[in-house]
Amino acid sequence: MTPPSRWLLATAVLFAGVSVLAAALRERGQVPARAAHAPRPEAAPAVEEPETPAGTAVAERLTPELARARLSRPGISGEEAREALRDAAARLDRTDARSLVLEALFDPAAALTMRMQALLLLPSVQEPGDAAALERLMGDRTFPARYLIAKTMGELSDPRATELLASWIRTEFDDSARIQAARALRSRAGEPAAAAALRDAALSDRNELVRQEALRAILDGGAPGAREFVREILSLASTPPSVRAVARGWRELHPGD
Numbered sequence: 049m050t051p052p053s054r055w056l057l058a059t060a061v062l063f064a065g066v067s068v069l070a071a072a073l074r075e076r077g078q079v080p081a082r083a084a085h086a087p088r089p090e091a092a093p094a095v096e097e098p099e100t101p102a103g104t105a106v107a108e109r110l111t112p113e114l115a116r117a118r119l120s121r122p123g124i125s126g127e128e129a130r131e132a133l134r135d136a137a138a139r140l141d142r143t144d145a146r147s148l149v150l151e152a153l154f155d156p157a158a159a160l161t162m163r164m165q166a167l168l169l170l171p172s173v174q175e176p177g178d179a180a181a182l183e184r185l186m187g188d189r190t191f192p193a194r195y196l197i198a199k200t201m202g203e204l205s206d207p208r209a210t211e212l213l214a215s216w217i218r219t220e221f222d223d224s225a226r227i228q229a230a231r232a233l234r235s236r237a238g239e240p241a242a243a244a245a246l247r248d249a250a251l252s253d254r255n256e257l258v259r260q261e262a263l264r265a266i267l268d269g270g271a272p273g274a275r276e277f278v279r280e281i282l283s284l285a286s287t288p289p290s291v292r293a294v295a296r297g298w299r300e301l302h303p304g305d
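Residues in the sequence shown are numbered from 49 upward in steps of one, following the working numbering.
In structure tokens form, the structure reads like this:
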């Protein structure tokens with residue numbers, strides 16, 4: 049047999065052996081039925097799941113008990129307590145939020161920043177009779193943010209608010225609280241009790257800034273007899289220059305009044 053014939057015979061035997069082996073493996077389930085060299089289908093692109101940002105948690109349902117636990121957490125700072133109270137007031141229903149706000153407001157052991165936040169939140173959950181609660185707080189001379197009590201009182205719809213603000217602008221020892229009381233009375237200047245208290249403050253308060261704010265409240269708040277009061281203010285030798293300037297400025301803007 050010539051060498052080429054031997055080569056062809058060897059090749060035929062080799063292919064026959066491979067075919068037999070492949071058939072045997074297919075029967076055992078180890079080789080797929082299609083040809084080994086058939087093109088493989090492309091893999092589907094992987095779908096990436098959106099990642100949750102680090103530190104992000106699903107918001108838990110806030111209950112009054114959980115809110116109180118957060119506010120009383122050991123080591124909580126005043127700023128953290130203030131933010132926790134504000135968050136609770138926004139997420140709880142009105143009744144629970146009001147209870148939490150009042151508890152924080154009248155807790156003498158609470159951080160001042162949290163009690164101040166409670167004052168700012170009170171108008172949003174107010175009820176008739178809240179003016180009496182603020183009157184009690186104003187009677188506590190250890191509470192330093194007295195101006196904020198007057199500001200909050202001015203935002204209450206309680207009918208007693210005008211009466212109490214009129215009293216405070218006459219008797220309160222803290223100058224900043226009297227200034228704020230005058231500002232709070234501006235929207236009530238048309239009421240007789242408010243107008244009378246503002247006139248007294250504009251004429252005789254010991255603090256010049258209080259006198260200025262009281263006069264502005266009269267003039268901007270639409271109190272009756274404003275023009276006549278301006279004449280009175282300008283005629284008095286005891287009127288401070290800054291108060292006189294407020295009166296003159298208003299008269300220039302209202303020449304026909």
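Quick reminder that beta carbons are idealized off the backbone N, C-alpha and C, glycines included.
Local Cβ density within 10 Å of residue i, reported as buried at 16 or more and exposed below that
i, result
"D253", "buried"
"D135", "exposed"
"E96", "Only weak support is given to the placement of E96: the predicted model assigns it a pLDDT of 46, under 50, and the value that follows is read from those uncertain coordinates. Counting Cβ neighbours within 10 Å, E96 comes out exposed, since fewer than 16 surround it."
"R146", "buried"
"G187", "exposed"
"A166", "buried"
"E256", "exposed"
"T287", "buried"
"T219", "exposed"
Rounded separation between residue i and residue j - CA only
i, j, result
"A157", "G273", "47 Å"
"S235", "G269", "6 Å"
"L213", "R109", "40 Å"
"M164", "A225", "14 Å"
"E128", "A115", "12 Å"
"I151", "E261", "It should be noted that the sequence gives Glu, not Ile, for residue 151. Straight-line Cα distance between these residues: approximately 33 Å."
"E280", "P112", "56 Å"
"E175", "A241", "22 Å"
"V294", "A137", "41 Å"
"T104", "V173", "At T104, the pLDDT of 43 sits below 50, so the modelled position is not reliable and the matter cannot be decided from this model."
"R264", "A285", "19 Å"
"D206", "V149", "18 Å"
"G202", "R208", "10 Å"
"L251", "A117", "51 Å"
"R275", "S215", "25 Å"
"L233", "P289", "23 Å"
"I227", "P303", "28 Å"
"L168", "R299", "36 Å"
"E211", "R121", "39 Å"
Cβ distance (whole Å) where residue i is taken to contact residue j below 8 Å
i, j, result
"G238", "A271", "6 Å"
"Y195", "D155", "With a Cβ gap of about 20 Å, Y195 and D155 do not count as contacting."
"F191", "L185", "6 Å"
"L282", "R292", "6 Å"
"L119", "L133", "6 Å"
"R130", "M162", "5 Å"
Neighbour flag for residue i against chain D, beta carbons, 8 Å
i, result
"F221", "Among the chains in the structure shown there is no chain D, since it carries only a single protein chain."
Residue i Cβ short of 7 Å to the ligand SAM heavy atom set
i, result
"E108", "This structure simply doesn't include the ligand SAM, nor any ligand for that matter."
Sub-8 Å separation of residue i and residue j beta-carbons
i, j, result
"A198", "A229", "yes"
"A243", "I217", "no"
"L153", "D178", "no"
"V258", "A245", "no"
"L170", "T200", "yes"
"R247", "F277", "yes"
"A159", "G126", "yes"
* What runs of the alpha helix (DSSP H), each 4 residues or longer, lie entirely inside the segment 161-216? -> Runs of the alpha helix (DSSP H) lying entirely within the segment 161-216 and spanning at least 4 residues, in chain order: 178-186, 194-202.
* Asked: Which runs of the alpha helix (DSSP H) fall wholly inside the segment 220-303 and span at least 4 residues, in chain order?
  -> Positions of the alpha helix (DSSP H) runs, each at least 4 residues long and wholly inside the segment 220-303, are given as 223-233, 240-252, 256-268, 274-283, 289-301 in order along the chain.
* Kindly provide the ranges of any alpha helix (DSSP H) runs that are 4 or more residues long and lie completely inside the segment 136-162, ordered along the chain. => Runs found: 142-153.
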